[in-house]
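Terminal number for the sequence shown in the numbering used here: 413, no gaps in between. Each residue gets a CB set at the ideal place from its N, CA and C atoms; glycine is no exception. Remember, it's a predicted structure, so these values are computed and weren't measured experimentally. Some notes on the structure that comes next.
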Amino acid sequence: MNIKEIWLDKNTLFYKQFDQIETVNISLLKYAYVQILGNVPFLYIFTDMQHYISTELLGFDLIYRELSNIYNFDDKAFFEASKANLDDTKVKIWAKKIGRNYTILDEYLADGDLGYEVYSEPKQMISWDTTYEQLEKLGLVEAYFTEYGTQYLRFIYKVRIEGIVVDQLELYAENVISNRPVQEFFVDLYDKTNTDASYKELRELWLDEDIDVDQYGWERQDQCYLRFVFANGIDASICYTYDEESGDDDGSTSLHFYNNRTYEYFLENNEYEENIEITKFILFKKKIDLNVNHIEHDGVKYIPKKVKELMGENSGIWLDYLNKKIGFVGVERALILDINQIKNFSFQNILPARGPGYSDFMVQLKKGDYLTVFIDDTFYFDQFSEQLKKMTQKNVQIPEAYPNC
9 MNIKEIWLDK NTLFYKQFDQ IETVNISLLK YAYVQILGNV PFLYIFTDMQ
59 HYISTELLGF DLIYRELSNI YNFDDKAFFE ASKANLDDTK VKIWAKKIGR
109 NYTILDEYLA DGDLGYEVYS EPKQMISWDT TYEQLEKLGL VEAYFTEYGT
159 QYLRFIYKVR IEGIVVDQLE LYAENVISNR PVQEFFVDLY DKTNTDASYK
209 ELRELWLDED IDVDQYGWER QDQCYLRFVF ANGIDASICY TYDEESGDDD
259 GSTSLHFYNN RTYEYFLENN EYEENIEITK FILFKKKIDL NVNHIEHDGV
309 KYIPKKVKEL MGENSGIWLD YLNKKIGFVG VERALILDIN QIKNFSFQNI
359 LPARGPGYSD FMVQLKKGDY LTVFIDDTFY FDQFSEQLKK MTQKNVQIPE
409 AYPNC
């Protein structure tokens with residue numbers, strides 16, 4: 009009996025890939041291509057992620073016809089490319105048509121240093137310093153999750169950023185600290201033609217025609233990308249990708265705003281500094297910067313004065329039995345954790361190959377997360393494993409090194 013390798017159940021497409029059954033919510037379909045890989049035609053579709061579906065799957069022909077009836081694929085292009093079977097061929101057969109979702113204002117309002125204006129009733133000027141939780145409390149955003157569980161927030165109202173109004177600005181909300189100012193905003197902007205006209209409009213709006221492109225990014229046949237200072241402590245970028253082997257033209261310009269402001273008040277830790285007791289310590293005898301910052305992790309603080317006096321300009325680790333704390337000293341900052349949060353430590357060594365060699369100093373927390381605290385030369389941290397184990401009474405794992413291929 010033949011077992012189907014691809015089938016459709018309402019809005020869910022099931023297909024076999026590498027001996028596993030993958031699923032696609034076809035209601036989220038954004039575009040589709042026929043692509044020849046290894047002399048095999050594939051139906052390449054994109055929702056929240058890429059899906060490559062082999063035309064050699066048992067039952068593919070029937071499912072392709074069903075999908076084509078739903079979305080009106082360009083069957084001629086699909087079958088011509090499939091029949092020619094020229095490796096690396098990639099031809100678009102369908103794209104979701106998106107209406108224009110932004111407006112360029114006749115009057116340019118140069119108030120970007122202050123923030124952005126939300127078109128609620130009444131309108132509200134919101135500072136770039138506003139936090140994730142403050143936006144939620146104001147009722148300006150709503151949460152949503154992708155098909156694979158990644159969390160985002162999106163504005164319920166239109167948002168004006170200086171001379172442009174966008175229909176729905178979004179922001180990343182996965183693994184962020186809710187009391188921190190929003191770090192990145194984004195939106196995919198579509199002109200009515202779903203072409204690079206949107207990119208050209210934004211470029212004309214914000215950048216001079218005769219700029220030195222190399223100072224801002226690149227403008228190539230496969231992609232145009234420019235990043236520039238937009239306001240005080242705020243960068244912006246615009247990006248349009250064309251059809252190439254490694255890129256898909258979805259008809260939109262990706263617009264991002266990046267918050268580069270420092271917010272150093274989060275680094276203050278006066279109460280602990282007054283009560284710190286250094287019981288034991290490990291000295292690295294050189295400077296190694298932390299791999300985490302105070303925006304990403306609430307435990308990153310200024311290096312306590314007593315630690316500086318003890319370690320000088322060196323990085324290292326201190327243990328505070330009295331307060332049940334452990335501190336990891338970087339160049340200008342320290343990561344301070346409750347020792348009871350930690351399950352164990354791990355030094356993962358990466359051997360030089362195609363890429364450089366290095367070593368990750370990782371902390372595994374009891375809640376299951378790994379935190380990479382330091383990165384330095386391959387095998388550098390191994391010399392401290394026994395000392396760290398004795399000092400903390402925590403296991404130190406050193407897995408087998410592997411090449412950076």
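Around the Cβ of residue i, are there at least 16 other Cβ atoms within 10 angstroms (buried) or fewer (exposed)?
{"i": "Phe389", "result": "buried"}
{"i": "Ala244", "result": "buried"}
{"i": "Gly157", "result": "exposed"}
{"i": "Met9", "result": "Low confidence applies here, because Met9 scores a pLDDT of 47, under 50, leaving its location unreliable; read the following figure in that light. Exposed, by the Cβ-count rule."}
{"i": "Ala40", "result": "buried"}
{"i": "Lys398", "result": "exposed"}
{"i": "Pro130", "result": "exposed"}
{"i": "Met57", "result": "exposed"}
{"i": "Phe292", "result": "buried"}
{"i": "Val167", "result": "buried"}
{"i": "Leu161", "result": "buried"}
{"i": "Thr249", "result": "buried"}
{"i": "Pro407", "result": "exposed"}
{"i": "Leu37", "result": "buried"}
{"i": "Tyr207", "result": "buried"}
{"i": "Phe163", "result": "buried"}
Who are the near neighbours of residue i in its chain, counting only those whose CB is closer than 6 angstroms to its CB and skipping five residues on each side?
{"i": "Asp251", "result": "Asp257"}
{"i": "Tyr79", "result": "Trp102"}
{"i": "Leu143", "result": "Val149"}
{"i": "Phe68", "result": "Ile14"}
{"i": "Ile71", "result": "Ile14, Leu16"}
{"i": "Val126", "result": "Gln132, Ile134, Leu148, Tyr165, Val167"}
{"i": "Glu155", "result": "Asn33, Asp56"}
{"i": "Arg341", "result": "Leu298, Val308"}
{"i": "Phe81", "result": "Ile101, Trp102"}
{"i": "Tyr52", "result": "Tyr41, Gln43, Tyr60"}
{"i": "Leu177", "result": "Phe163, Val167, Phe193, Val195"}
Using a threshold of 8 angstroms, state whether the C-beta atoms of residue i and residue j are closer than that.
{"i": "Gly307", "j": "Leu343", "result": "yes"}
{"i": "Thr287", "j": "Leu327", "result": "yes"}
{"i": "Lys295", "j": "Ser323", "result": "yes"}
{"i": "Tyr233", "j": "Cys247", "result": "yes"}
{"i": "Glu192", "j": "Leu179", "result": "yes"}
{"i": "Leu65", "j": "Lys98", "result": "no"}
{"i": "Glu373", "j": "Ile350", "result": "Per the sequence presented here, residue 373 reads as Leu, with Glu not at that position. Result yes, Cβ atoms of Leu373 and Ile350 sit closer than 8 angstroms."}
{"i": "Asn268", "j": "Ile242", "result": "yes"}
{"i": "Arg188", "j": "Tyr224", "result": "no"}
{"i": "Ile383", "j": "Asn299", "result": "yes"}
{"i": "Phe194", "j": "Leu263", "result": "yes"}
{"i": "Lys396", "j": "Ile325", "result": "Reading the sequence as shown, one finds Leu at residue 396 and not Lys. For Leu396 and Ile325, yes; Cβs fall inside 8 angstroms."}
{"i": "Gly255", "j": "Gln231", "result": "yes"}
{"i": "Ile190", "j": "Thr138", "result": "In the sequence under discussion, the amino acid at residue 190 is Val, which differs from the Ile named in the question. Going by C-beta atoms, Val190 is nearer than 8 angstroms to Thr138."}
{"i": "Glu285", "j": "Leu330", "result": "yes"}
{"i": "Phe336", "j": "Val404", "result": "no"}
{"i": "Glu281", "j": "Lys313", "result": "yes"}
Considering only residues of the same chain and omitting the five flanking positions on each side of residue i, which have a CB-CB separation below 7 angstroms?
{"i": "Asn240", "result": "Asp121"}
{"i": "Gly123", "result": "Met133, Ile134, Ser135, Trp136"}
{"i": "Ala118", "result": "Glu170"}
{"i": "Tyr110", "result": "Ile172, Val173, Val174, Asp175, Leu197"}
{"i": "Leu359", "result": "Gly365, Thr386, Ala409, Tyr410, Pro411, Asn412"}
{"i": "Asp297", "result": "Gly338, Val339"}
{"i": "Lys12", "result": "Leu66, Gly67"}
{"i": "Ser128", "result": "Leu148, Tyr165"}
{"i": "Asp83", "result": "Ser76"}
{"i": "Tyr116", "result": "Glu170, Gly171"}
Once the 5 residues before and after residue i are set aside, which same chain residues still bring their CB inside 8 angstroms of it?
{"i": "Thr20", "result": "Thr31, Val32, Asn33, Ile34"}
{"i": "Gln159", "result": "Ala151, Tyr152, Phe153, Ala181, Glu182"}
{"i": "Asn47", "result": "Asn93, Asp95"}
{"i": "Phe50", "result": "Val42, Gln43, Ile44, Tyr60, Ile61, Ser62, Thr63"}
{"i": "Leu113", "result": "Arg168, Gly171, Ile172, Val173"}
{"i": "Asn283", "result": "Leu330, Asn331"}
With a threshold of 7 angstroms, establish whether the CB of residue i neighbours any heavy atom of the ligand SAH.
{"i": "Tyr140", "result": "As for the ligand SAH, it is missing from this structure, which has no ligand bound."}
So, do the stretch 93 to 108 and the stretch 167 to 174 have three or more beta carbon pairs nearer to each other than 8 angstroms?
-> no
Hey, which unbroken runs of the beta strand (DSSP E) at 3 residues or more fall wholly within the stretch 84 to 123?
-> 98 to 103, 110 to 112
Should the stretch 83 to 92 be regarded as contacting the stretch 15 to 32, the criterion being three or more beta carbon pairs within less than 8 angstroms?
-> no
Is the number of C-beta pairs between the stretch 214 to 223 and the stretch 195 to 202 that are closer than 8 angstroms three or more?
-> Because the criterion of three Cβ pairs below 8 angstroms is not met, the stretch 214 to 223 and the stretch 195 to 202 do not touch.
Every unbroken alpha helix (DSSP H) inside the stretch 198 to 273 [4 residues or more] = Within the stretch 198 to 273, the complete alpha helix (DSSP H) segments of 4 residues or longer fall at 205 to 214, listed in chain order.
Does the stretch 389 to 400 come close enough to the stretch 352 to 369 that 3 or more CB-CB pairs lie under 8 angstroms?
-> Touching, yes, given that three or more Cβ pairs across the two stretches are closer than 8 angstroms.
Length-filtered (3 minimum) beta strand (DSSP E) runs lying within the stretch 277 to 320 = 288 to 291, 308 to 310
List in chain order: all unbroken beta strand (DSSP E) runs of 3+ residues lying wholly within the stretch 12 to 52.
-> 14 to 17, 20 to 25, 28 to 33, 39 to 45
Three CB pairs or more closer than 8 angstroms across the stretch 264 to 278 and the stretch 318 to 327 | no
Continuous beta strand (DSSP E) assignments of at least 3 residues falling wholly in the stretch 352 to 378 = 366 to 373
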